[in-house]
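So the sequence shown is numbered by the numbering used here: it starts at -19 and just counts up by one. Just so it is clear, CB atoms sit at the ideal spot from N, CA and C, and this is done for glycine as well. So the structure is just underneath, and the comments pick up after that.
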Amino acid sequence: MDYSEFVDVYESLASTTKKLEKATILALFLKKLEKKGKAEWVYLLKGKVVPDYDAREIGISRQLAIKAISKGFGVSENEIVTRLRKIGDLGEIAEEFADKRKQGVLFSGKLKTDKVFDNLRKIMEIEGKGAVDRKLGLVSELLGQATGKEAKYIVRTLLSDLRVGIADGIIRDGIAEAFFEFGEESEKKKEIIFKVEEAYDLTGDFAEVVEAAAEGKSALGKLKVHPGRPINVLLPVKVTEIEEAFRIVGKPAAIEHKYDGFRMIISKESNGEVKLFTRRLEEVTKQFPDVVSVVSKYVKGDSFLLDSEAVGFDSETKKYMPFQAISQRIKRKYDIEELAKKLPIELNIFDVLYLDGKNLMPLEFEKRRKIVEKIVSNRKLKIRVAMQIVTDSEKKAREFYEEALKMGEEGVMFKNLKASYRQGRRVGYIVKMKPEVKDLDLVIIGAEYGTGKRGGWLTSYYVACLNDGKYLGVGKVSSGLKEIESEEGTTYAEMTKILKPLIEETKGQYVKVKPSIVVSVTYQDVQKSPSYESGFALRFPRITAYRPEKPVKEITTLAEIKKES
């Protein structure tokens, strides 16, 4: 398949904002892909070369992309940077330079999708000495054969920024429309879309889903969860009142502590290998050797997938620590054993999704909970089954809630006893209740360098909410981080180190950054403001936590901001 056929799809997707039209565009293309392409090429529709359960990115920075365009088209980096300031899109700049080449060079041979996919995957996997030069060589090879439009999307793919307005739901609907007939029957359409979504939830791999869908509904139903892969987790709906919680999940309900830690998916394969993943699907096995050891000793089963909350505690006082204190372990690449001793982890297991060859996700929650109790051996400050009561009494629920707060927990979770396990935020499955604190999860889209004693650090951060796949600014926050490393929490120096590789553009003291770093922000109130794209601004915002485990797609939405205004 020519890569130009992919480019045509990208252009068609970018030309409309209507979800139904996008799904139909994808459906037509997926039929073609199934006949004359490879299922794994479907990853390119999201600007990736691996399935979603694999958190690896192609790994080309904005600066490296500039070097690649310079090398590929024989233009100076300064010229590219000058154009970038005017256009703001390296993909379009690559398109311009590709179109300016002599026709004889331009059409020396059609660029094949196989070649693009293979080169991109090699770029992702290259490490070690000389990696940058080898990556540049592979990019230049592609740009040397590309037409203008092809060059645009090659560069955008390298930067994980296709700009075509596609999300998982649109791909799901496109698969359903491509391989199943449902005409005007809305109920049949809902059923098929549900089957496709369920298949994706189990596998985290649209290539597997496309292959199965092409074979029919029965093949979709045979797809199953794989130990060794992370999965998207079930997320709670927020409530502020016990009455509302019971109304949503029903009575009686299971009520559990809401721990001040981070979500951890624990996987054990039949070969005995234990892997650990965050809710962002990032593998953190190496960062938590202590957890691997505990799971191997105190959880029964040849293979399993567990859902849990990892909570840190002080090794000397044995007191539980807030999430901010242990978040540094998630990204740690060195002195891991030393940090594990200083900030050990206790696992709170609250669900089992797979055990010894059986997918348990369709089971009712109360049955899954009993299995958890059978396979997990409680060990103080190492691993335990999450604290729980089952009740229909609002009085007992409130007592349990207040007890959790006294113990330093965030609040409680109410769970529907009859609910299956479905990924994403599902109404009627699970809710969380904690004291009403105005705390938003927002993504950093820009920053400014500080002055004086904060010189050299990025110390002011422009934060954004999410609305239909777009990031809309809601304010600038300059407080909440620490200046001294010995103080608890993330420092300005650490945040600067995190943000620098993500810088896309620099204008004086201001830098634009790739939206991927999530922070929790508290504030006094929200007011309408023309100063930011959202139309709203936070008053007196303050960063309360760096959230490396939080996926960007789960940040606060514009609709939620409006509710607070």
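For residue 79, same chain residues with a beta-carbon under 7 Å away, outside a window of 5 residues either side, are 128 in chain order.
Assigned with DSSP and collapsed to three states, residue 24 falls in helix.
With a cutoff of 8 Å on beta-carbon distance, residue 490 and residue 455 are scored as not near each other. Contact between the region 210 to 223 and the region 55 to 68 is absent: fewer than 3 CB-CB pairs across the two stretches fall below 8 Å. Here the alpha carbon of residue 285 sits roughly 6 Å from the alpha carbon of residue 207.
Residue 29 and residue -7 have their alpha carbons spaced roughly 19 Å apart. Residue -16 carries a helical assignment under DSSP once its states are collapsed to helix, strand and coil. The beta-carbon distance between residue 190 and residue 155, rounded to whole angstroms, is 6 Å. This is short enough to meet the 8 Å contact definition. Secondary structure note for residue 517: its beta strand (DSSP E) is the uninterrupted segment 516 to 519. Looking from the CA of residue 311, the closest CA among 0, 47 and 528 belongs to 528. With at least 16 other beta carbons inside 10 angstroms of its own, residue 304 counts as buried. Judged by their CB atoms, residue 3 and residue 157 are nearer to each other than the 8 Å cut-off. For residue 451, DSSP records a beta bridge to 446.
Counting only runs of at least 3 residues, the region 306 to 381 fully encloses the following beta strand (DSSP E) elements, listed from N- to C-terminal order: 325 to 335, 363 to 365 and 368 to 371.
Between the region 177 to 188 and the region 380 to 387, the count of C-beta pairs closer than 8 Å stays below three; the two stretches do not touch. Residue state for residue 477 is assigned as helix, using DSSP reduced to three classes. No residue range can be given for residue 534, since it is assigned to no beta strand (DSSP E) and is classified by DSSP as neither H nor E. Taking a 10 Å sphere around the C-beta of residue 234, we find 16 or more other C-beta atoms and assign the residue as buried. Distance check between residue 282 and each of 288, 307, 257 and 253 places 253 closest, using alpha-carbon atoms only. Taken in chain order, the unbroken stretches of alpha helix (DSSP H) that lie wholly in the region 249 to 291 and span 4 residues or more are 269 to 278. Secondary-structure assignment with DSSP links residue 134 through no beta bridge to anything.
Nearest Cα to residue 6 within the set 20, 18 and -10: -10. Contact between the region 394 to 413 and the region 337 to 351 is present, with at least three C-beta pairs closer than 8 Å. Your pair residue 266 and residue 316 checks out as a contact, with CB atoms roughly 7 Å apart and the cut at 8 Å.
A direct Cα-Cα distance of roughly 31 Å separates residue 260 from residue 296.
Beta-bridge partners of residue 237 (DSSP): 392.
Residue nearest to residue 274 within the set 458, 329, 222 and 0 is 329 (criterion: CA-CA distance).
Nearest to residue 542 by alpha-carbon distance, out of 202, 464 and 452, is 452. As far as DSSP is concerned, residue 294 takes part in no beta bridge. DSSP lists 499 as the bridge partner or partners of residue 526. With a contact defined as Cβ atoms closer than 8 Å, residue 476 and residue 526 miss out at about 12 Å. If you compare the alpha carbons of 478, 449, 486 and 426 with that of residue 457, the shortest gap goes to 426. Under the DSSP assignment, residue 180 falls in the alpha helix (DSSP H) whose first and last residues are 166 to 183. Closest in alpha carbon position to residue 202, among 290, 221, 72 and 181, is 181. CA-CA distance, residue 421 to residue 15, rounds to 43 Å. The shortest C-alpha to C-alpha distance from residue 205 to any of 406, 339 and 390 is the one to 339.
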